[in-house]
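Chains as they are written, first to last, in our numbering: chain A, 1 to 155; chain B, 1 to 155. Quick reminder that beta carbons are idealized off the backbone N, C-alpha and C, glycines included. Reading through the C-alpha cells given below for one structure.
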C-alpha cells in the first residue's frame with residue numbers, strides 16, 4: 001500500500017516536472033536553426049515583406065546601426081520595406097550558434113551577416129557584420145525573434 | 001501512515017521542483033539590475049580593469065561596432081584596456097529592461113549608452129548608442145554577462 005501511495009504521488013508530480021526539466025534542448029536548437037534559415041532565405045529573396053516580418057514577435061525590438069530603436073511589427077515592417085527599396089540592397093546571414101535556456105522558453109543566437117547596397121556612384125558595395133538575436137517560444141509553441149541587433153565589422 | 005508517506009514523497013520531490021518552477025524572477029531581475037549598475041559604475045570610473053572585466057563570463061563574447069568579434073576574457077581585457085587608454089574616453093550606460101527565462105537560468109537586458117572620446121582636433125565628442133546583453137547564471141549562482149553587443153544611434 002505504501003508503494004502504491006508513493007507511486008500515485010510520483011505520478012501526480014511528474015507532469016509538473018516534465019514540461020520544464022524535460023525540454024529537449026537539441027530539438028529546440030534545431031527548430032530555431034531551421035526557422036532562422038527559412039527567414040534568411042525569405043530575406044535574401046527580398047520579395048515577400050509579410051513573410052519576412054512574420055519571423056519577429058509582435059513586440060520585437062530591432063536595433064539597427066545608425067537607426068533609432070524600432071519597437072513592434074509596424075515600425076519593423078516600415079524598416080524592412082525601406083531596406084528592400086534601397087538601390088542595390090540585399091541581405092544574407094549565417095547563424096552559427098544557438099543557446100536555449102534549460103526550460104526551453106528563451107534562446108539566443110549569434111552569427112554573421114553580409115549586406116549590399118549601392119554607393120553614391122551607383123556601385124554595389126558589401127558590408128560585413130555580426131549580430132545577435134533573442135528568441136522566445138510563443139504560447140502556440142512557435143519560436144519568434146524578440147530582439148535583433150547587429151553591427152559592422154572593421155572595413 | 002499513508003499521509004506520512006505522501007508527505008515524505010512530496011518533501012523529497014519539492015526540492016527538485018523548487019530551483020526551476022520556484023525561480024523568483026523578480027528577485028533575479030533585481031539582481032541583474034543591481035550587478036549591471038555596479039558594472040556601469042566601475043566602467044564609468046574607468047580605473048579598475050580587473051573589476052570591469054569580472055562582470056563578463058570567461059567565455060563571453062563582445063560584439064563592438066567596427067571591431068572583430070571578441071571571444072573570451074583575455075581578448076575582452078585587451079579591448080577594455082585599449083578603450084580606457086583612448087584620449088577623452090568615458091562610458092556610461094543605463095539598462096532599462098531585464099527579461100529572465102522562466103527557470104531563472106538565462107536573461108537578456110536592453111538599454112542605452114553614451115561614450116565619449118576625443119576627435120582628431122582633441123575635442124571630446126559624445127556618441128549615443130543602444131545595446132543588448134545576455135546573462136547566464138553560473139554554477140555558484142552569480143549572474144555573468146555572456147553576450148554584449150551595441151551600436152550607434154543616428155548622429
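message: Going by C-alpha to C-alpha distance, which of B:111, B:87, B:76 and B:44 sits closest to residue 58 of chain B?
response: In terms of CA proximity to residue 58 of chain B, B:76 leads the group B:111, B:87, B:76 and B:44.
query: Since residue 116 of chain B contacts residue 125 of chain B with CB under 8 Å, what's their CB separation in whole angstroms?
result: 7 Å
query: Which full runs of the beta strand (DSSP E) of 3+ residues lie inside the region 98 to 149 of chain B, going along the chain?
result: Runs of beta strand (DSSP E) with 3 or more residues, each lying fully within the region 98 to 149 of chain B, are found at 106 to 118 and 124 to 137, listed in chain order.
Cβ-based contacts, 9 Å cut-off: residues of the region 67 to 79 of chain B near chain A: 67, 68 and 69
field: Proximal chain A residues relative to residue 105 of chain B, where beta-carbon distance stays under 8 Å
entry: 101, 102 and 103
task: Tell me whether residue 95 of chain B is buried or exposed, calling it buried when 16 or more other Cβ atoms sit within 10 Å of its Cβ.
output: buried
- request: Could you tell me the distance, in whole angstroms, from the CA atom of residue 29 of chain A to the CA atom of residue 119 of chain B?
  value: 44 Å
field: CB contact below 8 Å: residue 119 of chain B versus chain A
entry: So no, residue 119 of chain B is outside the interface.
query: Checking contacts by CB at 8 Å: is residue 96 of chain B closer than that to chain A?
result: no
task: Please confirm if the region 75 to 93 of chain B is in contact with the region 101 to 109 of chain B, defined as three or more CB-CB distances below 8 Å between the two stretches.
output: no
message: Can you tell me whether residue 10 of chain A is helix, strand or coil according to DSSP?
response: Per-residue confidence for residue 10 of chain A stands at a pLDDT of 49, beneath the threshold of 50, marking its modelled position as unreliable; the derived number appears in the next sentence. Residue 10 of chain A falls in the helix class under three-state DSSP.
task: Using the Cα positions of residue 153 of chain A and residue 26 of chain A, report the straight-line distance between them to the nearest angstrom.
output: 30 Å
- request: Report yes if the CB atom of residue 132 of chain B is closer than 8 Å to the CB atom of residue 146 of chain B, and no otherwise.
  value: no
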